[in-house]
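Notes for the one structure printed next.
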Amino acid sequence: MNNRTPDKKKNKKRLVTACAVGLVALILFSMVGLRIGAQNFSTPFKFLFMDASASIQSAIVRPYRWTKQFFAFNGGCQDIKVKNRALLQENARLRQELVKYQEAYLAKERYRKLLKIKQQMEYPVVFAQVIGVDLAPWAGTILVDSGRKDGVLPDMVALSWQGVIGHTIESFPTSSRILLLSDPRSRIAAIIQRTRVRGVLKGTGSSVCSLVYVEKGTDVEVGDKVISAGTDGIFPKGLLLGKVSSIDPGSMDGIFQTITVEPSAHLNNIEEVSILLTTRMNDQARP
Amino acid sequence: MTRFLVAIFFGYFFILLESAWGSGLQVGMARVDFLIPLVAWYGFKTPLPDGLFLVLLLGILAEPFTVLSEGIYMTILVSAYLLVRYISGHMPGLRWWHKVPVVGFVAAESQILAMLLSGAAQFIWPWAIVQGIFAAMIFPVLMFVLEFSENFLNKFLIKIRLIA
Chain F
36 MNNRTPDKKK
46 NKKRLVTACA
56 VGLVALILFS
66 MVGLRIGAQN
76 FSTPFKFLFM
86 DASASIQSAI
96 VRPYRWTKQF
106 FAFNGGCQDI
116 KVKNRALLQE
126 NARLRQELVK
136 YQEAYLAKER
146 YRKLLKIKQQ
156 MEYPVVFAQV
166 IGVDLAPWAG
176 TILVDSGRKD
186 GVLPDMVALS
196 WQGVIGHTIE
206 SFPTSSRILL
216 LSDPRSRIAA
226 IIQRTRVRGV
236 LKGTGSSVCS
246 LVYVEKGTDV
256 EVGDKVISAG
266 TDGIFPKGLL
276 LGKVSSIDPG
286 SMDGIFQTIT
296 VEPSAHLNNI
306 EEVSILLTTR
316 MNDQARP
Chain Z
189 MTRFLVAIFF
199 GYFFILLESA
209 WGSGLQVGMA
219 RVDFLIPLVA
229 WYGFKTPLPD
239 GLFLVLLLGI
249 LAEPFTVLSE
259 GIYMTILVSA
269 YLLVRYISGH
279 MPGLRWWHKV
289 PVVGFVAAES
299 QILAMLLSGA
309 AQFIWPWAIV
319 QGIFAAMIFP
329 VLMFVLEFSE
339 NFLNKFLIKI
349 RLIA
């Protein structure tokens, strides 16, 4: 028993050695064959080898590709995120710039129109910025940044580039208060431009005014222009006040009709105004 | 004293803010108004007659910023203060969430009074109620800011005294 065991071990060792040598020889042979191009002999081995290698390679490469793709995707995503953030910031900045340029352009347009009014008017004009509104929401007054120092006194006409907005009721050294057409206290002598029908333009507290004391049966149509009559001592004749937007004939026993007038100027979003120094002119003209 | 200083500072600041941003804070004939909640906060904490001085002073400060007849703002602020004193006198131990509807009611009442006195009664419904709702909504935030400012000012003055 004891003698057999070493023989078996020896045989086994020889067999393993032979197999290893054979395998190495096969590999060497294959490699040499592949290298030196012994095509006819080595081709089946080469194919076999390449097939086996390809299967293993493809098995190995698959998870690598997945990993690479995963990291590439994430890296790409990160990159996209960074780029996206930068683009968004850039976009926001450009939008701000655009708004700034649009604002400057619109301000320039408004000033141009106000300047046009100034050139058309026979009175000196002072430009002012709106700096405040009335504390009471239903009161239609605004505060502007021109006052007595600029020659602005009470009862001077205030215009926006769209038309008349009201008149000054108080003036302080560096600011003035303007009573808008829409305020219920506002009353302006007015006429319908087309038919010369007279009335009084009265504020209602809302965004529209009403033309009162216009008798029934007089020729007034929707769309007629309403201009200042020039008889109230404040507004010069011929300034555009608004347009007739609706006519209500009123009750049977009444003698007046109810005419709603839409002011030509948007009274809710005034930013700049021009004030006609009318009172000053009148005072200077007086002996 | 610190409460008075905080109230007068914020009162004046709110008057300027409301005048300058008025159009942006306005919905119809109602506006996000801070003055009445401020007066209410002061009224809950300060008894007569000290509280009246601030309210009268705030009224005087507010008058130039409105075209309403002289005395209307003073009247509505004083009436708001007195109403708050009256309610808090009858309901001691009010929590802050109890004060919210009281402020809403007082603001609506003040708005109704102001509209009646200035000849704009046609706007009472619904704008006075909307005004009350606005006041009730901003009161908790305003209360927090005012309390914080009062505490901060107190601590600051104590520090100055200690340093001196």
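First to last, the protein sequences are chains F and Z.
Each residue of the first sequence is one higher than the one before, counting from 36 in the numbering used here.
Each residue of the second sequence is one higher than the one before, counting from 189 in the numbering used here.
All C-beta atoms in this analysis are idealised placements derived from N, C-alpha and C, irrespective of residue type, glycine included.
In terms of residue numbering, what span does the beta strand (DSSP E) encompassing residue i cover?
| i | result |
| --- | --- |
| histidine 301/F | Element bounds for histidine 301/F: n/a, residue is neither H nor E. |
| aspartate 218/F | Run containing aspartate 218/F: none; DSSP gives neither H nor E here. |
| glutamine 164/F | 160-168 |
| aspartate 283/F | 275-283 |
| valine 291/Z | From DSSP, valine 291/Z is part of no beta strand (DSSP E) but of the alpha helix (DSSP H) over 284-305. |
Check the DSSP bridge columns for residue i and list the partner residues they point to.
| i | result |
| --- | --- |
| serine 195/F | Gly198/F |
| valine 247/F | Val235/F |
| glutamate 251/Z | Answer by DSSP bridge pairing: none, since glutamate 251/Z is not bridged. |
| isoleucine 260/Z | The partner list for isoleucine 260/Z (beta bridge, DSSP) is empty, contrary to what the question assumes. |
| glutamate 132/F | BP columns for glutamate 132/F are empty, so no partner. |
| glutamate 307/F | Gln164/F |
| glutamine 290/F | The question names glutamine, yet the displayed sequence has isoleucine at residue 290/F. Per DSSP, none; premise fails for isoleucine 290/F. |
| isoleucine 177/F | Val168/F, Ile213/F |
| threonine 102/F | DSSP, once it has assigned bridges, lists no residue as partnering threonine 102/F. |
Does any residue of chain F have a CB that is nearer than 8 Å to the CB of residue i?
| i | result |
| --- | --- |
| methionine 210/Z | The question names methionine, but residue 210/Z is glycine in the sequence shown. Closer than 8 Å: yes. |
| threonine 263/Z | no |
| arginine 365/Z | Summary: the structure shown does not reach residue 365/Z, with chain Z confined to residues 189 through 352, and so no result is reported for it. |
| glycine 307/Z | yes |
| valine 318/Z | no |
| glutamate 206/Z | yes |
| isoleucine 203/Z | yes |
| valine 294/Z | no |
| arginine 219/Z | yes |
| phenylalanine 311/Z | yes |
| alanine 228/Z | no |
| methionine 303/Z | yes |
Mind checking if residue i is an interface residue toward chain Z, Cβ cutoff 8 Å exclusive?
| i | result |
| --- | --- |
| proline 208/F | no |
| valine 332/F | Since the first and last residues shown for chain F are 36 and 322, residue 332/F lies out of range. |
| threonine 176/F | yes |
| glycine 240/F | yes |
| alanine 193/F | no |
| leucine 214/F | yes |
| proline 298/F | no |
| tryptophan 196/F | no |
| proline 322/F | Low confidence applies here, because proline 322/F scores a pLDDT of 41, under 50, leaving its location unreliable; read the following figure in that light. No, no contact with chain Z. |
| tryptophan 173/F | yes |
| proline 189/F | no |
| asparagine 303/F | yes |
| isoleucine 269/F | no |
| isoleucine 204/F | yes |
| proline 219/F | yes |
Helix, strand or coil for residue i per DSSP?
| i | result |
| --- | --- |
| glutamine 228/F | coil |
| arginine 212/F | strand |
| glycine 182/F | coil |
| valine 215/Z | strand |
| aspartate 114/F | helix |
| phenylalanine 270/F | coil |
| leucine 312/F | coil |
| proline 322/F | Unreliable positioning characterises proline 322/F in this predicted model, as indicated by a pLDDT of 41, which lies under 50. A coordinate reading is not provided. |
| valine 261/F | strand |
| serine 206/F | strand |
| threonine 234/Z | coil |
| methionine 36/F | Here methionine 36/F scores only 47 on pLDDT, less than 50, and its place in the model is too uncertain to base an answer on. |
| phenylalanine 222/Z | coil |
| threonine 52/F | helix |
| proline 272/Z | What sits at residue 272/Z in the sequence shown is valine, not proline. Note: valine 272/Z maps to helix in three-state DSSP. |
| threonine 253/F | coil |
| valine 243/Z | helix |
| valine 227/Z | helix |
| valine 296/F | strand |
| glycine 57/F | helix |
| glutamate 138/F | helix |
| serine 267/Z | helix |
| proline 280/Z | coil |
| leucine 149/F | helix |
| proline 314/Z | helix |
| glutamate 144/F | helix |
| proline 189/F | coil |
| alanine 308/Z | coil |
Can you give me the start and stop residues for the alpha helix (DSSP H) that residue i sits inside?
| i | result |
| --- | --- |
| glycine 320/Z | 317-351 |
| phenylalanine 198/Z | 190-208 |
Contact list for the stretch 236-259 of chain Z against chain C, Cβ threshold 8 Å = The chain labelled as chain C is not found among the protein chains of the depicted structure, namely F and Z.
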